[in-house]
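955 is the number of the first residue of the sequence shown in my numbering; add one for each residue after it.
Ideal Cβ placement from N, Cα and C applies to all residues, glycine included.
The next block holds one structure in the form of structure tokens; read it before the comments.
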Amino acid sequence: TADLANGIYEALVSTAAGLTIAIPVLLLFQWLSSRADKVIDHLDEVGTEFIVDFALPDIGSNEAGDSNRGEIEHSSEITPQSAI
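Pasting the structure below:
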């Protein structure tokens, strides 16, 4: 029975040591993961604002500044035969 008690004692000490290390590391991981998620969300917002403000063309306006938004100008000069 002494061997059994020593085995149980060793298992309990190993478990306590493992939990002593694992719990703070888990808390640190959760904190770092939360910070990383916040940084990623912020970068996503900044990137979206940049694309909307600077990278997207002015949709709906043409070079002449007409107010015919969304309309396509058709030219009768270009035909399938003249494009060859």
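In whole angstroms, give me the CA-to-CA distance for residue i and residue j.
i, j, result
"Val979", "Ala1009", "42 Å"
"Trp985", "Ala956", "44 Å"
"Ala970", "Ile962", "12 Å"
"Leu966", "Ile975", "14 Å"
"Phe1004", "Ser987", "25 Å"
"Ile994", "Asn960", "50 Å"
"Ser968", "Lys992", "36 Å"
"Leu997", "Leu982", "22 Å"
"Ala990", "Val1000", "15 Å"
"Gly972", "Asp1007", "52 Å"
"Ile977", "Glu964", "20 Å"
Between residue i and the ligand MG, is there a pair consisting of the residue's CB and a ligand heavy atom that are separated by less than 8 Å?
i, result
"Leu982", "No copy of the ligand MG occurs in the structure displayed, which carries no ligand at all."
**Message:** So within the stretch 961-1002, which uninterrupted beta strand (DSSP E) runs reach at least 3 residues, ignoring any that extend past its ends?
**Reply:** none
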